[in-house]
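Visitor: Protein sequences appear in the order of chains X and E.
If you count by the working numbering, then the first sequence holds residues 1466 to 1602, one letter each, in order.
If you count by the working numbering, then the second sequence holds residues 1466 to 1602, one letter each, in order.
There are 2 protein chains.
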Amino acid sequence: MHLEEVLAENELRVTRPRRLVWDILRSSNDHLTAQAIADAVHTQDASINVSSVYRALTLFSELGIARESKFGEDGSRWEPAHSDEMIHLVCEKCGTVDHHGGQVVTRLRDHLASDHGFVSSNVNVVVNGTCSNCSAQ
Amino acid sequence: MHLEEVLAENELRVTRPRRLVWDILRSSNDHLTAQAIADAVHTQDASINVSSVYRALTLFSELGIARESKFGEDGSRWEPAHSDEMIHLVCEKCGTVDHHGGQVVTRLRDHLASDHGFVSSNVNVVVNGTCSNCSAQ
DNA sequence: ATCCTTATTGCGAACCATGTGCAATAGTTG
DNA sequence: CAACTATTGCACATGGTTCGCAATAAGGAT
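Structure (structure tokens):
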């Protein structure tokens, strides 16, 4: 997915802050806080303001190319968008956040819709626990 | 579950702020923000400070008798603790938050543990969407 | 019931993540 | 290149949540 296209399609401009924030989001496979992203941006261009980072992130989320999740302590975590099917496994020991795919979410959605008339737009699953690495020792 | 017992077991004191916060949590079947709880407390005793409300809530959550969830805009939501099996259905139209029980979570836990070595301590499922009431019209 | 000890409070200020108004800057289109 | 205006940087506002500390009150002992 190319930032340029998505922005162009919506008649939005491709600016340096937006490009940098996007590159960092894409290149990291972590779930970064806005602050962490701002820090990373600053190593490449110290003149870019935190506000622009926040503005870029909110924009990306509105455009559907970034996803905001709330876990952990210090504010929201950001990552490139992925399907709801991908749920989050947060290890309480090493702090790693992994994705896990399956049909759980789809099944849940279907069940809620057909049996309870609840039409879901967005499903968020966060599992806290101990990952296999950490529970090994 | 009696507040007094839980507190006594942990050599903690039963104070007016704690009792009021607990009563409000128990009597409401909503998911209240700390601020809303503070407001409710104030109608009964205006002299109680917000800090004490926050302190009570964090304490209750440590004691395992209250649960903090993060959805919506304005901060965390609080409710008396319930099993992970109860997932949250948040209606984007009317704002209602409903509980929904099932085996989804247990199945997910088992799957993650046996097939992926991820031992989950706590599972959080938030489904955003439109409830049957709202989608009716 | 009263005294003592110390957990807990109220207060105010601090903090942190996030949003905003506005003048200056820089994409984009012609 | 020029012009139009979306977007930025700045500095400040905001809203939720925490903290230090002196004053207060819970609960056990006398």
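No residue lacks a Cβ here, since even glycine has one placed at the ideal position from N, Cα and C.
Look at the alpha carbon of E1469/X and the alpha carbon of H1564/X, and state the distance between them as a whole number of angstroms.
Guide: Locating residue 1469/X in the first sequence gives position 4, where the first residue counts as 1. Locating residue 1564/X in the first sequence gives position 99, where the first residue counts as 1. Distance from the CA of E1469/X to the CA of H1564/X, rounded to the nearest whole angstrom, comes to 27 Å.
Visitor: Give me the Cα-Cα distance between L1472/E and N1514/X, rounded to the nearest whole angstrom.
Guide: On the second sequence, position 7 is the one that residue 1472/E refers to. On the first sequence, position 49 is the one that residue 1514/X refers to. Whole-angstrom Cα-Cα distance: 47 Å.
Visitor: Provide the residue(s) that pair with S1600/X in DSSP beta bridges, ordered along the chain.
Guide: Position 135 of the first sequence holds residue 1600/X. S1600/X is not bridged to any residue.
Visitor: Relative to the C-alpha of Q1509/E, which residue among E1544/E, D1488/E, K1535/E is closest?
Guide: Mapped onto the second sequence, residue 1509/E falls at position 44. The closest CA to that of Q1509/E, considering only E1544/E, D1488/E, K1535/E, is found on D1488/E.
Visitor: Between G1582/E and chain X, is the shortest Cβ-Cβ distance under 8 Å, so that the two count as touching?
Guide: Taking the second sequence and counting its residues from 1, one reaches residue 1582/E at position 117. Interface residue (Cβ-Cβ distance to chain X less than 8 Å): G1582/E is classified as such.
Visitor: Does V1471/E come within less than 8 Å of chain X when only Cβ atoms are used?
Guide: Translated into positions along the second sequence, residue 1471/E becomes position 6. No, its Cβ sits nowhere closer than 8 Å to a Cβ of chain X.
Visitor: Between S1512/E and chain X, is there a C-beta pair that is closer than 8 Å?
Guide: Taking the first residue of the second sequence as 1, we reach residue 1512/E at position 47. No, no contact with chain X.
Visitor: How long is the line joining the alpha carbons of N1589/E and S1526/E, rounded to whole angstroms?
Guide: Working through the second sequence from its first residue, we reach residue 1589/E at position 124. Working through the second sequence from its first residue, we reach residue 1526/E at position 61. Their backbone Cα atoms lie some 15 Å apart in a straight line.
Visitor: Can you check DSSP and say which residues form a bridge with T1498/E?
Guide: Against the second sequence, residue 1498/E aligns to sequence position 33. R1542/E.
Visitor: DSSP puts D1563/E in a beta bridge; with which residues?
Guide: As a first step, residue 1563/E must be located in the second sequence, where it is residue number 98. Looking at the DSSP assignment, D1563/E forms a beta bridge with L1554/E.
Visitor: Helix, strand or coil for T1523/X, going by three-state DSSP, please let me know.
Guide: Stepping through the first sequence from its first residue, residue 1523/X is reached at position 58. In the structure shown, T1523/X sits in a helix (DSSP, three-state: H, G or I).
Visitor: Between L1528/E and N1587/E, which are expected to be in contact by the criterion C-beta below 8 Å, what is the C-beta distance as a whole number of angstroms?
Guide: Stepping through the second sequence from its first residue, residue 1528/E is reached at position 63. Stepping through the second sequence from its first residue, residue 1587/E is reached at position 122. That belief does not hold up - the Cβ atoms of L1528/E and N1587/E are roughly 15 Å apart, past 8 Å.
Visitor: Taking 8 Å as the threshold (beta carbon to beta carbon), is K1535/X in contact with chain E?
Guide: What you label residue 1535/X is simply residue 70 of the first sequence in a count that begins at 1. It does: the Cβ of K1535/X has a partner Cβ on chain E nearer than 8 Å.
Visitor: Listed from N- to C-terminal order along the chain, which residues in the segment 1575-1599 of chain E have their beta-carbon within a distance smaller than 8 Å of any beta-carbon of chain X?
Guide: The residues in question are H1576, L1577, H1581, G1582, F1583, V1584, S1585, S1586, N1587, V1588, N1589, V1590, V1591, V1592, N1593, G1594, T1595, C1596, S1597.
Visitor: According to DSSP, is E1474/X part of a helix, a strand, or is it coil?
Guide: For the purposes of this step, residue 1474/X is identified with residue 9 of the first sequence, where counting begins at 1. DSSP places E1474/X in helix when its eight states are reduced to three.
Visitor: Output the distance between the C-alpha atoms of T1595/E and K1558/E, rounded to the nearest integer angstrom.
Guide: Working through the second sequence from its first residue, we reach residue 1595/E at position 130. Working through the second sequence from its first residue, we reach residue 1558/E at position 93. Cα to Cα, the separation comes out at about 6 Å.
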